[in-house]
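The block underneath contains the structure these notes are about, expressed in structure tokens.
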Amino acid sequence: MGQKDNKAKEYFSDNSRFSDICNFLIFDGKSVIKAENIEEQDSTETISFANEHGKILSLQKWRDLIKVCKKIKDECYVVIIGIEEQSDINYAMPVKCGIYDMINYADQIKKISNEHRKNKEYGESKAEFTSGFLKSDKLLPVITLTVYLGTEKWDAARSLHEMFDLNDQELLSVIPDYRLNLLIPSEIDNFSSFKTGVGKFLKILSVAGDKKKFAQKFTDSNEYRDVDYDTAMMIKEFTKIDISLPEKGEKLDMCKAVEEWKNDILQEGISEGGIGMLVSLVEDGLIDEAEAVKRSGLSADEFSKYLNK
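Read in order, the letters of the sequence shown are residues 85 to 393 in this note's numbering.
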């Protein structure tokens with residue numbers, strides 16, 4: 085695991101940020117899962133099974149984060165939620181997350197079975213005795229959320245079915261699918277439902293690889309006047325914004341840093357896109373015509389000709 089992944093794991097391990105991600109992806113931003121109703125769980129998951137020769141084999145996986153969460157809304161439900169952070173695209177992500185979930189379910193069954201045998205609860209049927217899992221037993225639902233923290237466009241499969249070279253709907257209808265619960269910052273239009281600094285971090289990350297989008301979304305940098313240390317650290321780690329971090333625990337005014345980065349990105353985009361980029365920015369209302377003329381090096385009349393085209 086690289087430095088970025090370690091930083092992200094530490095950042096999202098905070099229960100307030102963890103619940104922020106869960107509520108955004110699962111409950112459309114509503115505050116359903118509360119930080120105080122989240123409990124830590126061992127991120128190591130193991131399943132043991134016997135092969136055809138009777139030898140016991142073990143499969144062990146380490147999740148980035150996994151917690152037991154209580155959903156309190158009308159009724160109280162307990163679910164297990166894991167978060168996987170991806171700094172890079174993973175083309176096998178549906179299988180990776182599917183394995184995590186199934187190992188967790190298998191582990192739950194094993195623990196329930198061991199408890200039954202310990203208490204000599206064998207059930208009322210042969211099927212219950214041999215499986216070690218009673219008809220009345222229930223599992224806790226497992227949800228895995230994938231948070232993509234890269235700036236390249238996610239072009240990997242978002243479900244197991246997408247990984248098949250198969251268009252036969254009859255066959256696909258009997259093959260269980262596994263769909264990613266995927267958060268991609270660049271696909272988020274509104275960050276206002278986030279309750280923590282996660283929203284500020286993801287908003288900057290959403291446009292870090294797109295110069296024009298950055299200019300569109302950052303018309304006002306005042307929302308970055310009061311940024312917590314951990315969020316500022318994540319922004320510094322995952323973008324190219326030059327930030328002088330304060331002492332841990334202090335707030336940071338990032339307005340100037342964001343404005344300077346915005347200006348650098350605009351200038352870089354103009355250099356790459358030339359007059360066409362400037363015209364596009366003016367047409368979208370991202371800079372005024374006088375500023376565009378100044379940056380273009382053309383006269384006002386010459387620049388107007390490009391606008392008219």
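Idealized CB from N, CA, C, for every residue including glycine.
Quick caveat: nothing in here was measured; it's all calculated off a predicted structure.
Quiz item: Between the Cα of Ser243 and the Cα atoms of Glu199, Pro178, Leu391, Ile105, which residue gives the shortest distance?
Solution: Start at 1 with the first residue of the sequence shown, and residue 243 comes out as number 159. Of Glu199, Pro178, Leu391, Ile105, the residue nearest in Cα terms is Pro178.
Exercise. For the beta strand (DSSP E) containing Thr230, list its first residue and its last residue.
Key: Along the sequence shown, one-based indexing puts residue 230 at 146. Here the beta strand (DSSP E) through Thr230 covers 226 to 232.
Quiz prompt | Of the listed residues Lys180, Thr214, Asp221, Lys91, nearest to Gln192 (C-alpha basis) | solution = As a working note, residue 192 is residue 108 in the sequence shown. Just measuring C-alpha positions, the residue of Lys180, Thr214, Asp221, Lys91 sitting nearest Gln192 is Asp221.
Quiz item: Three-state secondary structure (DSSP) at Ser197?
Solution: Numbered from 1 along the sequence shown, position 113 holds the residue referred to as residue 197. Note: Ser197 maps to helix in three-state DSSP.
Practice problem: Give every residue of the same chain whose Cβ lies closer than 8 Å to the Cβ of Gly207, excluding the five residues on either side of it in the sequence, and list them in chain order. | Solution: Here residue 207 refers to the residue found at position 123 of the sequence shown. Setting aside the 5 residues that flank it on each side, Gly207 is surrounded in the same chain by His200, Phe213, Leu218, Lys219, each with a C-beta closer than 8 Å to its C-beta; the list follows chain order.
Self-check item: Tyr308 beta carbon near the ligand MG (any heavy atom closer than 7 Å)
Solution: Among the components of this structure there are no ligands whatsoever, and the ligand MG is therefore not found.
Self-check item: Nearest-angstrom Cα separation, counted from Glu343 out to Arg101
Solution: Here residue 101 refers to the residue found at position 17 of the sequence shown. Here residue 343 refers to the residue found at position 259 of the sequence shown. Whole-angstrom Cα-Cα distance: 26 Å.
Quiz item: What separation, rounded to the nearest whole angstrom, lies between the Cα atoms of Ile227 and Lys210?
Solution: Position 143 of the sequence shown, counted from the first residue, corresponds to residue 227. Position 126 of the sequence shown, counted from the first residue, corresponds to residue 210. Note on geometry: alpha-carbon atoms of Ile227 and Lys210 lie some 32 Å from one another.
Quiz item: Taking the C-alpha atoms as reference points, what is the distance between Met247 and Ile371?
Solution: Translated into positions along the sequence shown, residue 247 becomes position 163. Translated into positions along the sequence shown, residue 371 becomes position 287. Looking at the backbone, the Cα of Met247 and that of Ile371 are separated by about 43 Å.
Self-check item: Element boundaries [alpha helix (DSSP H), containing Val377]
Solution: In the sequence shown, counting from the first residue as 1, residue 377 sits at position 293. Residues 373 to 380.
Practice problem: Within 10 angstroms of the Cβ of Asn392, are there 16 or more other Cβ atoms? Answer buried if so, exposed if not. | Solution: For the purposes of this step, residue 392 is identified with residue 308 of the sequence shown, where counting begins at 1. By the 10 Å Cβ count, Asn392 comes out exposed.
Quiz item: What do you get for Lys378, buried or exposed, if any count of 16 or more other CB atoms within 10 angstroms of its CB means buried?
Solution: By 1-based counting over the sequence shown, the position of residue 378 is 294. Around the beta carbon of Lys378, fewer than 16 other beta carbons sit within 10 angstroms, so the residue counts as exposed.
Quiz item: If you compare alpha carbons, which of Met318, Tyr390, Ala292, Ile165 is closest to Gly360?
Solution: Residue numbering aside, residue 360 sits at position 276 when the sequence shown is read from its first letter. Checking every option, the nearest Cα to that of Gly360 belongs to Tyr390.
Quiz prompt | Candidates Asp104, Val363, Lys93, Leu329: closest to Phe275 by CA position | solution = Residue mapping note: residue 275 aligns to position 191 of the sequence shown, counting from 1. Taking Phe275 as reference, the option from Asp104, Val363, Lys93, Leu329 with the minimal CA-CA separation is Asp104.
Exercise. Spell out a yes or no on whether the stretch 279 to 297 and the stretch 254 to 264 are touching, meaning 3 or more CB-CB pairs, one atom from each, closer than 8 Å.
Key: Contact fails: fewer than three Cβ-Cβ distances are below 8 Å.
Self-check item: Where Tyr308 sits in the DSSP three-state scheme
Solution: Mapped onto the sequence shown, residue 308 falls at position 224. Tyr308 falls in the helix class under three-state DSSP.
Quiz item: Between which two residues does the beta strand (DSSP E) containing Ala119 stretch?
Solution: Residue 119 sits at position 35 when you count from the first residue of the sequence shown. For Ala119, the enclosing beta strand (DSSP E) begins and ends at 117 to 124.
Exercise. Provide the residue span of the beta strand (DSSP E) that contains Val163, from first to last.
Key: As a first step, residue 163 is located in the sequence shown; it is residue number 79 there, counting from the start. From DSSP, the beta strand (DSSP E) with Val163 extends over 159 to 170.
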